[in-house]
Amino acid sequence: MGKKPKVKRSLGRLNDASLSAQGKVIVTSMTNNPFFKEPYPEGVTPLVQVKDTLGRFDNSCLEARSGARQSVALRKSLRAQFIVELNELGDFVDLIAKGNVEILTSSGFDYTKESTSAQVKHLPTYPSVIMSQGIKRGAVIAKAKKVARAASCEVHTTTGDPTVEGNWKHAAVFGQFKNMEVEGLTPGQQYAFRMRWIMPEGPGPWTPPLFFMPT
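Heads up, the sequence shown is in my numbering, so the first residue is 1 and it goes up one at a time.
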């Protein structure tokens, strides 16, 4: 399964003005929000206290403009406290929302986008192959269009029943795919071929049996 949307944990990266603005949106959105009824569970700062911290933080930002050491220290302390309280609210929002975008949006928090379960490095399908007679007697040429990230192409052959795994024999591995020539075959003998891509993360699936009689 993919990852569900959740509250972003990036408040600490905001400057003071942006943090205050984001905090006001969150406080306003959480006030009387039907999804997040008070009293909040233990470990989550009550909204009235978060509002108070926000107000004191705003005042400290104004006072810190003087450059006074005590004022700057107070601003830093209240900033850290405000971020902690907002993160507690964020944890609570995630607990209630469980990935529901409507609920996340109503909280005023920024949230991540839902990701899919598909992996970037998935194995591709098997090669699309065209086979033809080679120039040499008893040779077959296979051509395949390369897929992204394919490192090589492995070829197996058999003259027996292709549904029996033990009948297959390794024939070759090719690093180029326009002219993969398998030599040393018996002219007039029906062969079954199968091929697969070798990717950085491992081999892909085999092609269905491909039948060809070299001359």
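Backbone N, C-alpha and C fix where the C-beta goes; we use that ideal spot for every residue, glycine too.
How long is the line joining the alpha carbons of F92 and Q70, rounded to whole angstroms?
Position 92 of the sequence shown, counted from the start, is the residue given in the question as residue 92. Position 70 of the sequence shown, counted from the start, is the residue given in the question as residue 70. Straight-line Cα distance between these residues: approximately 33 Å.
Expressed to the nearest angstrom, what Euclidean distance is found between the alpha-carbon atoms of W206 and G160?
Along the sequence shown, read from residue 1 onward, the residue named residue 206 stands at position 206. Along the sequence shown, read from residue 1 onward, the residue named residue 160 stands at position 160. Roughly 17 Å between the two C-alpha positions.
Considering T157, what are the terminal residues of the beta strand (DSSP E) in which it resides?
Position 157 of the sequence shown, counting from 1, holds the residue named residue 157. Run containing T157: S152 to T158, per the beta strand (DSSP E) assignment.
Tell me P203's beta-bridge partners as DSSP assigns them.
Locating residue 203 in the sequence shown gives position 203, where the first residue counts as 1. Note: P203 sits in a beta bridge opposite I198.
With respect to the beta strand (DSSP E) encompassing K169, which residues constitute its N-terminal and C-terminal limits?
Your numbering for residue 169 matches position 169 in the sequence shown. Run containing K169: K169 to F174, per the beta strand (DSSP E) assignment.
Determine the direct distance from the alpha carbon of N87 to that of S20, and round the result to whole angstroms.
By one-based count along the sequence shown, residue 20 stands at place 20. By one-based count along the sequence shown, residue 87 stands at place 87. The alpha-carbon atoms of S20 and N87 are separated by roughly 14 Å.
Is the distance from the Cβ of P214 to the Cβ of A139 below 8 Å?
On the sequence shown, position 214 is the one that residue 214 refers to. On the sequence shown, position 139 is the one that residue 139 refers to. In this structure, A139 lies closer than 8 Å to P214 by Cβ.
So A192 and V182 are supposed to be a Cβ contact under 8 Å. How far apart are they, rounded?
The residue given as residue 192 occupies position 192 in the sequence shown. The residue given as residue 182 occupies position 182 in the sequence shown. 12 Å between Cβ atoms; not a contact.
Less than 8 Å between the beta carbons of A151 and M199, yes or no?
Sequence index remark: in the sequence shown, residue 151 carries index 151 (1-based). Sequence index remark: in the sequence shown, residue 199 carries index 199 (1-based). For A151 and M199, yes; Cβs fall inside 8 Å.
Roughly how many angstroms separate the alpha carbons of K178 and G134, rounded to a whole number?
The residue labelled residue 178 in the question sits at position 178 within the sequence shown. The residue labelled residue 134 in the question sits at position 134 within the sequence shown. Whole-angstrom Cα-Cα distance: 13 Å.
Which stretch, first to last residue, makes up the alpha helix (DSSP H) that contains K24?
Here the question's residue 24 lines up with position 24 in the sequence shown. Looking at the DSSP string, the run of the alpha helix (DSSP H) that includes K24 is D16 to M30.
Quick one: what's got a C-beta closer than 7 Å to Y111's C-beta in the same chain, skipping five residues either side?
Within the sequence shown, numbered from 1, the residue matching residue 111 stands at position 111. The answer, listed in chain order, is P5, K6, V7, K8 and L104.
Within 10 Å of its beta-carbon, does P203 have 16 or more other beta-carbons around it, so buried, or fewer, so exposed?
For this step, residue 203 is matched to residue 203 along the sequence shown. Around the Cβ of P203, a 10 Å sphere holds fewer than 16 other Cβ atoms; the residue is exposed.
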